[in-house]
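In this note's numbering, the protein residues as written are 12 to 64. These notes concern the structure reproduced below.
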Amino acid sequence: MANQNDLVPSQWKSLFTNEEWMVHGIVVKSMYGFLAIAVVAHILVWAWKPWFS
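Shown next, in the form of structure tokens:
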């Protein structure tokens with residue numbers, strides 16, 4: 012392996028290692044998943060029993 016930080020974009024190499032960058036990716040993707048589930052849940056509840064009507 013020629014470059015130790017080959018997964019990290021160049022502007023973030025001074026702050027993150029490969030392992031930290033991978034954990035960051037998992038956290039961000041988990042937050043997007045949670046957001047998607049929350050939006051769907053809110054739409055379903057609003058369709059069932061609308062508020063602000």
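Think of the CB as a built atom: it goes at the ideal place given N, C-alpha and C, for glycine as much as any other residue. Predicted model, so just to flag it, every value in this text is computed and none were measured.
- A direct Cα-to-Cα measurement between V50 and E31 gives close to 29 Å.
- Rounded to the nearest whole angstrom, the C-alpha separation of I54 and F63 is 13 Å.
- Looking at W57, K60 and D17, the one whose alpha-carbon comes closest to that of M33 is D17.
- K24 sits in coil when the DSSP states are folded into three classes, being neither helix nor strand.
- For K40, the enclosing alpha helix (DSSP H) covers residues N29 to W59.
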